[in-house]
Amino acid sequence: MIYIHRNPATNNYDVSISTNEWKEILQLPQVKTDPNILFALEKWYDAPAYTASCKSLGERYGYSHNFFSVQNMRLGKIAVEYIKRFEFIGDDGKETYWPVAWIEIAKKNGIYIVQLRPELVKAIKDLNLFETDTDTAVNQHLQNLDMKHETFDFTYEQHKKPTLSLSTRPRKTFSRSVEAAKNSLRHARWKCEFNASHETFPRRIDGLPYLETHHLIPLKYANRFGTSIDVPENIVCLCSTCHNRIHYGKNNREIIEYLWNLRKDDLRKLGIDIGLSQLLTFYNI
3 MIYIHRNPAT NNYDVSISTN EWKEILQLPQ VKTDPNILFA LEKWYDAPAY
53 TASCKSLGER YGYSHNFFSV QNMRLGKIAV EYIKRFEFIG DDGKETYWPV
103 AWIEIAKKNG IYIVQLRPEL VKAIKDLNLF ETDTDTAVNQ HLQNLDMKHE
153 TFDFTYEQHK KPTLSLSTRP RKTFSRSVEA AKNSLRHARW KCEFNASHET
203 FPRRIDGLPY LETHHLIPLK YANRFGTSID VPENIVCLCS TCHNRIHYGK
253 NNREIIEYLW NLRKDDLRKL GIDIGLSQLL TFYNI
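Note that the working numbering has the sequence shown beginning at 3, numbered continuously upward.
1) So, does the segment 254-264 touch the segment 205-214, judging by three or more C-beta pairs under 8 angstroms?
2) My parser needs the alpha helix (DSSP H) runs of 4 or more residues fully inside the segment 81-124; what are they?
3) Determine the direct distance from the alpha carbon of ASP155 to that of ILE85, and round the result to whole angstroms.
4) Are ILE39 and ARG76 close, meaning C-beta to C-beta below 7 angstroms?
5) Using the Cα positions of LYS79 and ILE105, report the straight-line distance between them to the nearest angstrom.
6) Per DSSP, what kind of secondary structure is TYR5 in: helix, strand or coil?
7) Going by DSSP, what residue range makes up the beta strand (DSSP E) through CYS239?
8) Within the same chain, show all residues whose beta-carbon is closer than 6 angstroms to that of ALA108, passing over the 5 residues directly before and after it, in chain order.
9) Report buried or exposed for ILE4, applying the criterion of at least 16 other Cβ atoms within 10 angstroms of its Cβ.
10) Quick check on DSSP: helix, strand or coil for ASN14?
11) Alpha carbon to alpha carbon, how far is SER230 from PHE41? Give it in angstroms, no decimals.
12) With a CB to CB cut of under 6 angstroms and the five nearest residues on each side skipped, what residues in its chain are close to ILE6?
13) Quick check on THR21: does DSSP put it in helix, strand or coil?
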């Protein structure tokens, strides 16, 4: 057994839990069936740069700050007992679990600002842990995220194709990445991508303009492509009027054609080559 103390040079604990080990831990029954651990972990994962304090999350979601601290400690304890490789010794000389999933970033007025460990973040992404299986669920989820005025530039990074989600729904659907949807909003700079002058209303959580995300190539056609189409380059951001116009409008060809011209080069850089005529057939046009 290795006993790990705080590293005075970094003021953190040197944790050696790999991404694969975190994936095993997150799939343990005592983790994947625990709604409190998963809720707290999801809210930390949704925080900008995966960084927050227990106090800020508690205030944002209406919980005691101790709730988030306790769930982190519980996850840490499960991880240590599963790995059986080391123990973490706190400044008081007693065993502690708080640094297992966190990295301490700063301490301000007695409040710790911490960040999820990168290996844990990667495990969450690899497992699609917090992805949802409908566009509506993604857009609802996005409205609870405080995203400030962050921006994002396309990376043209290919990803594995999304997996089919059976969940409790009567038909098979593809899982959606909330992270990809968040980045598409940041790329759009919070303006409707069909017409930037379209007015919307401020979001309750951060005052940014309300927008909705939409897969230009519908995700139900994911199997027709060699790489994932659940990527920011294929997700457009629209005001609610334009989004509904795509789905229900009589003259939706105009907006689809405009968005195809806007994104066709970006899609080709990802190896997704689709002509306008093929795209229109996906919308029954």
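Ideal placement from N, C-alpha and C gives every residue a C-beta, glycine not left out.
In this text, all values refer to a predicted model and were calculated from it rather than measured experimentally.
According to the data block:
1) With the rule of 3 Cβ pairs closer than 8 angstroms, the segment 254-264 does not count as touching the segment 205-214.
2) DSSP runs (the alpha helix (DSSP H)) wholly in the segment 81-124: none.
3) Sequence index remark: in the sequence shown, residue 85 carries index 83 (1-based). Sequence index remark: in the sequence shown, residue 155 carries index 153 (1-based). Each residue's Cα considered, the two are about 38 angstroms apart.
4) Numbered from 1 along the sequence shown, position 37 holds the residue referred to as residue 39. Numbered from 1 along the sequence shown, position 74 holds the residue referred to as residue 76. Less than 7 angstroms separates the beta-carbon of ILE39 from that of ARG76.
5) In the sequence shown, counting from the first residue as 1, residue 79 sits at position 77. In the sequence shown, counting from the first residue as 1, residue 105 sits at position 103. Spanning the alpha carbons of LYS79 and ILE105 requires a straight line of approximately 16 angstroms.
6) Looking up residue 5 in the sequence shown gives position 3. Here TYR5 carries a strand assignment [DSSP, helix/strand/coil].
7) Reading the sequence shown from its first residue, position 237 is the one you call residue 239. First-last of the beta strand (DSSP E) with CYS239: 237-240.
8) Counted from its first residue, the sequence shown places residue 108 at position 106. Closer than 6 angstroms at the Cβ level, and outside the excluded window around ALA108, lie ILE115.
9) Here residue 4 refers to the residue found at position 2 when the sequence shown is read from its first residue. Exposed, by the Cβ-count rule.
10) Here residue 14 is taken as the residue at index 12 of the sequence shown, counted from 1. Reduced to three states, the DSSP call for ASN14 is strand.
11) Position 39 of the sequence shown, counting from 1, holds the residue named residue 41. Position 228 of the sequence shown, counting from 1, holds the residue named residue 230. Spanning the two alpha carbons is a distance of roughly 27 angstroms.
12) The sequence position of residue 6 within the sequence shown is 4, counting from 1. Contacts found: TYR15, PHE88, PHE90.
13) Position 19 of the sequence shown, counting from 1, holds the residue named residue 21. Helix.
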